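Residue numbers (our numbering): 1302 to 1449.
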């Protein structure tokens, strides 16, 4: 039992170190990054529901679940996070703090649009308040881009 606890403690330690390293690369566990990761999870889960339950996915011919389509979705989200890493490093290199934020906001808007599309494929209307929030975030991202 003692050996099992040591292995568990080591795995937990390793996960903590790796997680801390990844979060550091992403510029810290800020509210905007938490929001992006949460929306990525929601979008992926909704995509699974659209394909598995509603059989209405636009990613496959049959509309049903497809492991390749799911893998592509995960890869896309990983690349989005890699782009945040690049933006964070660019900010650090140039001594700025807006490239990361603008990138994250742009990806949040992208995820919100995808969530809306998934909701539409399920027959759920997208609330006006969220549509308005997407417009505000889009304008904010555009303002940050024009500041560059």
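C-beta atoms are modelled at their ideal positions from N, C-alpha and C, and glycine is treated no differently.
Being a predicted model, the structure only gives us computed values, none of them experimental.
Residue span of the alpha helix (DSSP H) that contains residue i, given as start and end
{"i": "residue 1367", "result": "Unbroken run through residue 1367: none, as it is neither H nor E."}
{"i": "residue 1341", "result": "1332-1350"}
{"i": "residue 1407", "result": "1400-1422"}
{"i": "residue 1321", "result": "1303-1326"}
Residue i in three-state terms, based on DSSP
{"i": "residue 1358", "result": "coil"}
{"i": "residue 1425", "result": "coil"}
{"i": "residue 1329", "result": "coil"}
{"i": "residue 1374", "result": "helix"}
{"i": "residue 1397", "result": "coil"}
Under 8 Å: do the region 1373-1385 and the region 1323-1337 share three or more Cβ pairs, one atom per stretch? Between the region 1373-1385 and the region 1323-1337, the count of Cβ pairs shorter than 8 Å is three or higher; the stretches touch.
Would you check if the region 1433-1442 and the region 1410-1417 touch, i.e. whether three or more CB-CB distances between them fall below 8 Å? The answer is yes - the region 1433-1442 touches the region 1410-1417, with three or more Cβ pairs under 8 Å.
Hey, is the region 1356-1363 in contact with the region 1415-1433, meaning 3+ C-beta pairs nearer than 8 Å? Cβ pair count under 8 Å is three or more, so yes.
Does the contact criterion of 3 or more C-beta pairs under 8 Å hold for the region 1314-1326 versus the region 1391-1401? Segments in contact, no.
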